[in-house]
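Student: Numbering (our numbering), first residue to last: 247 to 505.
Where is the CB? At the ideal position from N, CA and C, for every residue including glycine.
All values derive from a computational prediction rather than experimental measurement.
Here's a structure for you.
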């Protein structure tokens, strides 16, 4: 039997796979409250020191302090690989989670390098360490991305100048090759920009923009077949952009502009 599928039948309810990278203070972790509000129950896998920006809402989380070190859930100590084994369990699948967040990719990268440096201690072949790092890091990200849930990954941004002295902003992870490969793994790569503007009364006001395209040195992208998003979106809620982009109803583009 010759049976085909149609791209027109791709469901708007398909899980979204999002990377948001930005400098300190943008509000990357803060986005988790919007995920909870829009999609329901979620889980944060946190390598950050704290979750102060969302302490006023109740979201499940698991903190990791190593890549594959001590993992003792009863004692409140977790490794990233230990958490990953928990996620692969039937218990997790039956818990009803709708989304999962990795906060952050920068910390995940640091913990993996620490682990590999111990494994390769005394090994003079540095290429082997970085080869293992590239393979494990990209493999882990693909496994995270392929979960049947909405996936949200945060990352710090780093600045890098090219041969023409143009500044580019990339995800801050160990290894230049991995940093530039990471955006290719996600359907949506959003870049957070925080600027201070002056209001009508002459007072400073913080505004947040989301970059959705390759502009001004940022390397954003979206799967936006209806072309609903501007390159700069004046918004601090990425789930609103996802809903507007993927929904069937006509919707207005939010205010945007060059920053």
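1) Under the rule that 16 or more other beta-carbon atoms within 10 Å means buried, what is residue 481, buried or exposed?
2) Using 8 Å as the threshold, is the C-beta distance between residue 314 and residue 297 below it?
3) What separation, rounded to the nearest whole angstrom, lies between the Cα atoms of residue 389 and residue 325?
4) Give the list of continuous alpha helix (DSSP H) stretches no shorter than 4 residues that lie fully inside the segment 396-474.
5) To the nearest whole angstrom, what separates the beta carbons of residue 266 and residue 438, a pair I think is in contact under 8 Å?
6) Assign residue 357 to buried or exposed, taking buried as 16 or more other Cβ atoms, counted over all protein chains shown, within 10 Å of its Cβ.
7) Based on the DSSP output, what are the partners of residue 309 in its beta bridges?
8) Please determine whether the Cβ atom of residue 397 lies at a distance below 7 Å from any heavy atom of the ligand SAH.
9) Helix, strand or coil for residue 478 per DSSP?
10) Measuring CB to CB, does residue 380 end up less than 8 Å from residue 422?
11) In angstroms with no decimal places, state the Cα-to-Cα distance between residue 353 and residue 294.
12) According to DSSP, what are the bridge partners of residue 318?
13) Roughly how far, in whole angstroms, is the beta-carbon of residue 457 from the beta-carbon of residue 466, given that I think they are within contact range, below 8 Å?
14) With a Cβ-Cβ cutoff of 8 Å, do residue 305 and residue 291 count as a contact?
15) Which word fits residue 274, buried or exposed, when buried means at least 16 other C-beta atoms lie within 10 angstroms of its C-beta?
16) Using only the alpha-carbon positions, how far apart do residue 484 and residue 319 sit?
17) Do you know whose CA, among 461, 460, 278, lies nearest residue 349's CA?
18) In three-state DSSP terms, what is residue 351?
19) Is the Cβ-Cβ distance between residue 479 and residue 455 less than 8 Å?
20) Can you give the beta carbon distance from residue 427 to residue 264, rounded, assuming they're within the 8 Å contact cut?
21) Can you give the beta carbon distance from residue 407 to residue 400, rounded, assuming they're within the 8 Å contact cut?
22) Buried or exposed: which applies to residue 370, given that a residue is buried once 16 or more other Cβ atoms fall within 10 Å of its Cβ?
Tutor: Let me lay it out:
1) buried
2) no
3) The alpha-carbon atoms of residue 389 and residue 325 are separated by roughly 17 Å.
4) Those alpha helix (DSSP H) runs which fall completely within the segment 396-474 and span 4+ residues are 422-427.
5) Taking a contact as a CB-CB distance under 8 Å, the pair residue 266 and residue 438 counts as one, their CB atoms being some 6 Å apart.
6) buried
7) 292
8) Of ligands this structure carries none, so the ligand SAH is not represented either.
9) In this structure, residue 478 counts as strand in the three-state DSSP scheme.
10) no
11) 7 Å
12) 323
13) By a beta-carbon distance limit of 8 Å, residue 457 contacts residue 466. Their separation comes to about 5 Å.
14) no
15) buried
16) 32 Å
17) 278
18) In the three-state DSSP reduction, residue 351 falls in the helix class (H, G or I).
19) By the CB criterion at 8 Å, residue 479 and residue 455 fall inside the cutoff.
20) Not really, about 17 Å apart at Cβ, beyond 8 Å.
21) Going by Cβ atoms, the distance from residue 407 to residue 400 rounds to 24 Å, so no, they are not a contact pair.
22) Residue 370 should be labelled exposed.
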